[in-house]
């Protein structure tokens, strides 16, 4: 069995190609903003290139986003034989988290969530246990975020989705309360970088994990350092950071910028278009499943931290005097947090000092 390293591109995910399409789509989408004028609305142009899009509707700011789960359902289907559970309750949380955790980066509070569950055939919906878990988990995640489940779509797409499989996605709309809009205007040198703990792999890097499982002795049943099966650890649900952000705002803290650390890993810390250096002087502990993944693939630190969350699923950039209060607010919402660095003037880059890693501006191209 091959023991050569596996990187993200060899697992079928090439961000350079995907990001090029995103930039081209932004260029085309920008011209459609003119249609809002006739409806008495306007877009906040600076929100293009952010994780959520913001429109001013007569003085009310609406943010929206659409996201999909990716391939994590394939892991759940394989692990069911090991665990005896469908895990679709936690996949529901993962899917909603992908959308909601993007939405809150602009200061929005989620209002409604819509489901998109596209199966390979109508037969997929005949598994009563799996369907009940999916519905129950979806409702619970909406309740956790204080969002209404507005509806959705459940197509059977034979020939598009493989038989026995499902593609899970969510769209989310939220409002931005007065004074909470975050599009980066307040970001400044000296701001503290507060990182919020991840529960595990979340829903990014799963293609890498699936490739690793193919060559592991025992596959998904292989044990990691905490004694759990690799597959079950992969299925720990993504943290919903909306309650953390509400706790932060309630504490009187106004973050200057926020980043959902998903695909592109810690490179995402330089999502802001300005010329700033994001210097990390400490790193959070790696969850055992990510430590195992990095060692067994193997991934060098630059590849690992440039593709995976590596223990930090969300970042808040706050005034230095608010940093410790932000940590306390996160803890009050049940999520570990750390002050891990600061924003500096200089070239747009991320410097992770303890690991000797630097990501330059050209390593993240998400804006037109």
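In the numbering used here, the protein residues as written are 6 to 373. From the three backbone atoms N, C-alpha and C, an ideal C-beta is built for every residue, glycine too.
>> Quick check: the Cα distance between residue 48 and residue 187, rounded to an integer number of angstroms?
In response: So the two alpha carbons sit approximately 15 Å from each other.
>> Quick check on DSSP: helix, strand or coil for residue 176?
In response: Looking at residue 176 - three-state DSSP - the assignment turns out to be strand.
> Of all the CB atoms in chain C, is at least one closer than 8 Å to the CB of residue 22?
Replying inline: This model lacks chain C altogether, as it is built from one protein chain only.
>> Taking 8 Å as the cut-off, does the stretch 232–240 touch the stretch 19–30 (at least 3 CB pairs, one atom from each stretch)?
In response: With contact defined as three or more Cβ pairs closer than 8 Å, the stretch 19–30 and the stretch 232–240 are not in contact.
>> Please identify the residue among 89, 304, 62 and 103 whose C-alpha is closest to the C-alpha of residue 74.
In response: Taking residue 74 as reference, the option from 89, 304, 62 and 103 with the minimal CA-CA separation is 103.
> Candidates 93, 301, 133 and 63: which alpha carbon is nearest residue 43's?
Replying inline: Nearest option by C-alpha distance: 63.
> Taking residue 182 as the reference, which of 335, 80, 254 and 76 has the closest Cα?
Replying inline: Closest option to residue 182, Cα to Cα, is 254.
> When you compare only the Cα positions, how much space is there between residue 350 and residue 196?
Replying inline: The straight-line gap separating the alpha-carbon atoms of residue 350 and residue 196 is approximately 10 Å.
>> Considering Cα atoms alone, identify which of 141, 225 and 325 is closest to residue 82.
In response: Proximity to residue 82 across 141, 225 and 325 peaks at 225, based on C-alpha coordinates.
> Enumerated in chain order, which unbroken segments of the alpha helix (DSSP H) with a length of 4 residues or greater are wholly contained in the stretch 228–259?
Replying inline: Qualifying alpha helix (DSSP H) stretches, in chain order: 235–239 and 247–255.
> Relative to the C-alpha of residue 356, which residue among 112, 306 and 218 is closest?
Replying inline: Relative to residue 356, the option among 112, 306 and 218 whose CA is nearest is 306.
> For the alpha helix (DSSP H) that contains residue 94, what are its first and last residues?
Replying inline: Judged by DSSP secondary structure, residue 94 falls within the alpha helix (DSSP H) whose first and last residues are 93–108.
>> Can you give me the C-alpha to C-alpha distance between residue 163 and residue 123, rounded to a whole angstrom?
In response: Each residue's Cα considered, the two are about 10 Å apart.
> Would the beta-carbon of residue 247 fall within 8 Å of that of residue 362?
Replying inline: Note that the C-beta distance between residue 247 and residue 362 is not below 8 Å.
> For the stretch 30–83, which segments carrying the beta strand (DSSP E) assignment without a break, of at least 3 residues, lie completely within its bounds, in sequence order?
Replying inline: Segments of the beta strand (DSSP E) lying fully in the stretch 30–83: 46–48, 58–62 and 65–73.
>> Let's test the definition: count the other Cβ atoms within 10 Å of the Cβ of residue 299 and tell me whether it reaches 16, buried, or not, exposed.
In response: So residue 299 counts as buried.
>> Just to check my reading of the structure: residue 317 and residue 201 have Cβ atoms closer than 8 Å, yes? What is that Cβ distance to the nearest angstrom?
In response: Between residue 317 and residue 201, the beta carbon gap of about 7 Å places them in contact (Cβ cut-off 8 Å).
> How long is the line joining the alpha carbons of residue 324 and residue 167, rounded to whole angstroms?
Replying inline: Taking the straight line from one Cα to the other gives about 49 Å.
>> Short of 6 Å in beta carbon distance, which residues of its chain neighbour residue 60, apart from the five on each side in sequence? Order them along the chain.
In response: These residues qualify, in order along the chain: 46, 48 and 67.
>> Suppose you measure from the CA of residue 57 to the CA of residue 90; what does that come to, to the nearest Å?
In response: Distance between the alpha carbons of residue 57 and residue 90 is about 34 Å.
>> Using the three-state DSSP reduction, which class does residue 284 fall into: helix, strand or coil?
In response: Note: residue 284 maps to strand in three-state DSSP.
> Going by other Cβ atoms of all chains shown within 10 Å of its Cβ, with 16 needed for buried, is residue 286 buried or exposed?
Replying inline: A residue is called buried once 16 or more other Cβ atoms fall within 10 Å of its Cβ, and residue 286, having fewer, is exposed.
> Can you round the beta-carbon distance between residue 142 and residue 96 to whole angstroms, since I take them to be within the 8 Å contact cut?
Replying inline: Taking a contact as a CB-CB distance under 8 Å, the pair residue 142 and residue 96 counts as one, their CB atoms being some 7 Å apart.
> At what residues does the alpha helix (DSSP H) containing residue 293 begin and finish?
Replying inline: Unbroken alpha helix (DSSP H) run through residue 293: 293–301.
> Which runs of the beta strand (DSSP E) spanning at least 3 residues fall entirely within the stretch 301–327, listed in chain order?
Replying inline: Listed in chain order, the complete beta strand (DSSP E) runs (minimum 3 residues) inside the stretch 301–327 are 317–323.
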